[in-house]
Amino acid sequence: MTDLILNPYFQYAALFVFTAFGIAFVFLNVSLVARLLRAQVPDPAKETTYECGEPTIGSSWVQFDIRFYNVALLYIIFDVEVAFLFPWAASFGSADAGRLPAIIEVLAFIVVLGLGYIFAWRKGDLDWIKSTAAHDIAAQKSVVKVAAARKAA
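Given below as structure tokens:
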């Protein structure tokens with residue numbers, strides 16, 4: 009019996025069984041006991057829209073401008089990347105050897121970050137009001153091509 013208890017596979021099996029019973033115990037307590045203890049009072053008022061006590065005005069389906077999402081996404085990306093610089097800066101002061109490779113690595117990181125920023129800027133994602141000049145030029149070229157094709161036909 010002692011050999012069985014010392015067997016690592018038996019220990020893993022015991023851990024698995026203990027974990028399974030723990031998960032089942034939590035699941036049963038949360039789902040079944042809560043269902044038994046809660047009040048069963050159906051009311052149509054519970055399914056109505058609650059908007060701070062005020063009657064709803066207009067439709068709740070509002071289309072948000074995509075510019076908000078672009079700005080938020082760019083902020084999250086660059087904020088997280090800048091957050092990677094803080095541990096480097098904290099450990100850089102205490103590092104005696106290897107300062108030059110650390111500087112080169114962080115400069116490479118900043119260059120890649122800057123290239124991403126320049127790409128987003130050149131693409132126009134940082135402009136709140138995008139210029140439609142490029143779109144207008146492309147539309148004029150397509151109109152000229154269609155007109156030339158009609159003349160040729």
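Mapping of the sequence shown onto the working numbering: position 47 corresponds to residue 55, and the numbering continues sequentially without gaps. We treat Cβ as the ideally placed atom computed from N, Cα and C, and that holds for glycine. Given the structure is predicted, the values throughout are model-derived calculations rather than measurements.
Best match in the options for proximity to residue i [C-alpha to C-alpha]
i	options	result
ALA110	ILE31, ALA97, LEU44, ALA53	ALA97
ALA91	VAL114, SER102, ALA22, LEU134	VAL114
Integer Cβ distance of residue i from residue j, believed to fall under 8 Å
i	j	result
LEU134	ALA128	6 Å
PHE86	TYR125	7 Å
CB contact check: residue i to chain C, cutoff 8 Å
i	result
PHE26	In the structure shown, chain C cannot be found, because there is only a single protein chain.
Residue j beta carbon less than 8 Å from that of residue i
i	j	result
ARG75	TRP136	yes
Contact set for residue i: own chain, Cβ-Cβ below 7 Å, skip 5 residues either direction
i	result
ASN78	ASP133
Sequence-distant residues of the same chain with beta carbon closer than 6 Å to residue i, five excluded per side
i	result
ASP73	none
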